[in-house]
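In our numbering, the protein residues as written are 36 to 146.
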Amino acid sequence: LCRPLEEGEKAEARAKDIESWQARAPEKGAAREPLVLLAADHRARAGEWRAALALYPANPTEPNRGWVALMRATCQARLGQQETALATLKEAREVAGFKNERTSLEKRLGL
């Protein structure tokens with residue numbers, strides 16, 4: 036599922052493949068989060084911001100908090116929800132992961 040896209044393969048098709056794996060996965064809760072994030076990342080890569088935002092968890096596990104905050108804010112900004120994106124970034128300001136990227140996004144959004 037993490038392999039590079041083959042020539043002619045579309046990100047949307049890969050995202051659907053990942054989501055079918057996710058639907059069949061027996062894991063629950065936090066153990067399922069890596070697969071959910073992979074599906075959300077593929078949706079974001081395909082420019083499907085609303086679908087990606089719906090997949091990124093609102094309360095991720097600790098090791099994923101920085102990445103999820105960055106990606107949720109990115110999706111929100113791409114959907115024209117600048118205030119919500121800024122609020123997402125402010126909420127995760129003290130989280131260590133991807134701090135420089137989040138700060139850069141804050142500056143682009145005008146904070």
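Think of the CB as a built atom: it goes at the ideal place given N, C-alpha and C, for glycine as much as any other residue. Quick caveat: nothing in here was measured; it's all calculated off a predicted structure.
CB of residue 120 within 7 Å of CB of residue 127, strictly | no
Could you have a look at residue 82 and say whether DSSP puts it in helix, strand or coil?
-> coil
Let me know if residue 56 comes out buried or exposed under the rule of 16 or more other beta-carbons within 10 Å of its beta-carbon.
-> exposed
Check the Cβ-Cβ distances between residue 143 and every residue of chain C, and say whether any is below 7 Å.
-> No chain C is present in this structure, which holds just one protein chain.
Looking only at its own chain, which residues have a Cβ that is under 6 Å from the Cβ of residue 46, when we skip the five neighbours before and after it?
-> 77, 80 and 81
Cβ contact (3+ pairs, closer than 8 Å) linking the stretch 87–104 and the stretch 127–140 = yes
If I'm right that residue 53 touches residue 72 with Cβ under 8 Å, what's the distance once you round it to whole angstroms?
-> Not confirmed; about 10 Å, so no contact.
Please confirm whether residue 108 and residue 124 have their CB atoms less than 7 Å apart.
-> yes
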